[in-house]
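**Student:** Per this note's numbering, the sequence shown runs over residues 4 to 466.
One structure follows; several queries about it will come next.
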Amino acid sequence: MTRIALINPAPITKEELEIQGRQKTWAPLGLLYNGEILRREGHDIKIFDQDVTGYSGIEVLDWIKKRDPEILGLSPLTVSLDAARRIAQLAKEWNENLIIVFGNVLATLAYKQLLQNYDFLDYCLRGETEGTFPQFVKTIMQKGDLKDVLGLSYRENGVIKSTQNVPLNRNLDIIPFPDREALVDFDYRMGSNKFTILATSRGCPYRCKFCGVHLVSNSKGIWRPRSIENILSELHFLQSRGYKEFAFVDDCFIVDQKRTIKLCQKMKKEKIDMIWSCEGRVDQGSREVLRTMKYANCYNLLLGLESANQRILDYYNKNITPEMSKKVVKNVKKAGIENLAGLFVVGAPDETIQEIINTLKFGLKLDLTFIQYQLLHLLLGSEIWIEAVKKGLVNEEKDWTQYIIAADIYPTAVKREIIEKLIDKAFVESLTRPKFLIKEMFRIVKSPYRLQNIFSMFSKKSS
4 MTRIALINPA PITKEELEIQ GRQKTWAPLG LLYNGEILRR EGHDIKIFDQ DVTGYSGIEV
64 LDWIKKRDPE ILGLSPLTVS LDAARRIAQL AKEWNENLII VFGNVLATLA YKQLLQNYDF
124 LDYCLRGETE GTFPQFVKTI MQKGDLKDVL GLSYRENGVI KSTQNVPLNR NLDIIPFPDR
184 EALVDFDYRM GSNKFTILAT SRGCPYRCKF CGVHLVSNSK GIWRPRSIEN ILSELHFLQS
244 RGYKEFAFVD DCFIVDQKRT IKLCQKMKKE KIDMIWSCEG RVDQGSREVL RTMKYANCYN
304 LLLGLESANQ RILDYYNKNI TPEMSKKVVK NVKKAGIENL AGLFVVGAPD ETIQEIINTL
364 KFGLKLDLTF IQYQLLHLLL GSEIWIEAVK KGLVNEEKDW TQYIIAADIY PTAVKREIIE
424 KLIDKAFVES LTRPKFLIKE MFRIVKSPYR LQNIFSMFSK KSS
């Protein structure tokens, strides 16, 4: 048995980047999958979620000391890298024999930079790690040959070595669903409801220019669904544990509409009574699938509407039109799904100020419950990132740690300050729409914590 601690580091720049709310209630699913597999193999495993606790690096170190792990794993994103670095550095100073390993997207795409710059970091596990992390633990503890561990990068005599990539797992049913309470000492809630997340699939067949969901697994547009029976087993398990609400966090939940309809029908038939949320595309929202989702207790739906301008949608490789967005919003409303949120991305490299205004106004005209406007940023390894590197606007060796806004680096883009002022104005208008306010008054009576959420949105936007 090996003592292992896994940590979800907090995005310490979340106020600056206006990353709101979701991380505070969403458990670290990747760590949960890995933790469950390690737990079943007999290891002493615990997960700490710095993002929900708000602990400082020193406080996280105190937790690590109490656990006294032999292996410490962290799962940083770009926005949480500083926190991960701080925790790992403190932990190594406390115990120089502690084995520290990074996983997730940065460990996959920037393992060379991580190992070159962070001497306290011992290993990077690349790709999906459910199959390789247990092998890594066994090899390390038994002093075996590191070359036998797929997807591993490490230093050997000052030289960075990497083993072969992890083959794509097409059978997600073999991954056990996690016993969340056994792994994390935190009660995740959405309002008063006990809340969690799960995924029914991995990957996405679409290739949006700003997205990089395929990069960790190198799935190249391959969509990998779990079986409906496997999903239902997990839902029954969660319901038996007292969960009242969950979110499907698939990269795109409604890829196969026939599958979605079948899943929702079986959820209703088998009396899955939890309410739930998901994300979807505007070209995958037929009346039938949306009605069936509502029938199965879908409560919240987030759609990537992105832009009101066909030129910008084409630049993003979205393969959708503004007319599709209008149609799907009407379909959602007719289906009766309670909350519909629309996501818009503005600030493309040569997007004009009028096009930005068109998109902001478009969002206000649609019958959306909530509207989220987001500045286009360059995700490490995405197509737009690669484009910026080729144009000399991004330095791969220096900028891999940065959260880069397109408007900050493209000379043809509208200045970021101007876009932010337009977004602020549109955001306030979205929350003061008469139709929105009337609906919210009735919803607040049924669910008082919604009022707290609205005030929180205002305060964060004005800070």
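Glycine included, C-beta positions come from ideal geometry on N, C-alpha and C.
As the structure is a computational prediction, the values presented were derived from the model and not from experiment.
(1) Starting from the Cα of residue 407, find the closest Cα among 251, 433 and 379 and give me that residue.
(2) Closest by CA to residue 219, which one among 178, 240 and 129?
(3) Between residue 405 and the rest of its own chain, which residues show a CB-CB distance below 6 angstroms, the 5 nearest in sequence each way excluded?
(4) If you count every other CB in all the chains shown that lies within 10 Å of the CB of residue 53, and 16 or more means buried, which is it?
(5) Which one or two residues does DSSP pair with residue 374 in a beta bridge?
(6) Could you tell me whether the Cβ atoms of residue 318 and residue 309 are closer together than 8 angstroms?
(7) Report the three-state DSSP secondary structure of residue 196 (helix, strand or coil).
(8) Taking the C-alpha atoms as reference points, what is the distance between residue 254 and residue 123?
(9) Here's the rule I'm using: 16 or more other beta-carbon atoms within 10 Å means buried, otherwise exposed. How should residue 462 be labelled?
(10) Could you name each continuous beta strand (DSSP E) segment of 3 residues or more that falls completely within the stretch 23 to 84, going from the start of the chain to the end?
(11) Give, in chain order, every unbroken run of the beta strand (DSSP E) that is at least 3 residues long and sits entirely within the stretch 173 to 261.
(12) For residue 270 and residue 386, I'd like the C-alpha separation in whole angstroms.
(13) Thinking C-beta only, is residue 214 closer than 8 angstroms to residue 321?
(14) Pull up the distance between the alpha-carbon of residue 396 and that of residue 402, whole angstroms please.
(15) According to DSSP, simplified to helix, strand and coil, what is residue 159?
(16) For residue 290, which of helix, strand or coil comes out of DSSP?
(17) Kindly list the residues whose CB is nearer than 6 angstroms to the CB of residue 66, restricted to its own chain and excluding five residues on each side of it in sequence; keep chain order.
(18) Could you spell out where the alpha helix (DSSP H) holding residue 366 opens and where it closes?
(19) Grab me the residues of residue 313's own chain with a C-beta within less than 8 angstroms of its C-beta, minus the 5 sequence neighbours each way, in chain order.
(20) What are the residues that DSSP puts in a beta bridge with residue 281?
(21) Please report the distance separating the alpha-carbon of residue 338 from that of residue 207.
(22) Can you tell me the Cβ-Cβ gap for residue 202 and residue 251, rounded? I've got them flagged as a contact below 8 angstroms.
(23) Could you give the first and the last residue of the continuous beta strand (DSSP E) run that contains residue 7?
(24) Quick one, which of 89, 37 and 436 has its alpha-carbon nearest residue 61's?
(25) Would residue 49 pass as a contact of residue 8 if the rule is Cβ separation under 8 angstroms?
(26) Is residue 324 close to the ligand SAM? I mean its beta-carbon at under 7 angstroms from any heavy atom of the ligand.
(27) In terms of alpha-carbon separation, which member of 225, 429, 245 and 190 lies closest to residue 349?
(28) Classify residue 125 as buried or exposed, calling it buried when 16 or more other Cβ atoms lie within 10 Å of its own Cβ.
(29) Taking the Cβ atom as the reference point for each residue, do residue 137 and residue 41 lie within a distance shorter than 8 angstroms?
(30) In this structure, how does DSSP classify residue 309 when only helix, strand and coil are distinguished?
**Tutor:** On the basis of the data shown:
(1) 379
(2) 129
(3) none
(4) buried
(5) 345
(6) no
(7) strand
(8) 33 angstroms
(9) Any answer about residue 462 is weak, because its pLDDT of 39 lies below 50 and its placement is not dependable; what the coordinates show is given next. So residue 462 ends up on the exposed side.
(10) 47 to 52 and 74 to 77
(11) 196 to 201 and 248 to 251
(12) 37 angstroms
(13) no
(14) 10 angstroms
(15) strand
(16) helix
(17) 51
(18) 356 to 368
(19) 324 and 325
(20) 304
(21) 25 angstroms
(22) 7 angstroms
(23) 6 to 11
(24) 89
(25) yes
(26) Of ligands this structure carries none, so the ligand SAM is not represented either.
(27) 429
(28) buried
(29) yes
(30) strand
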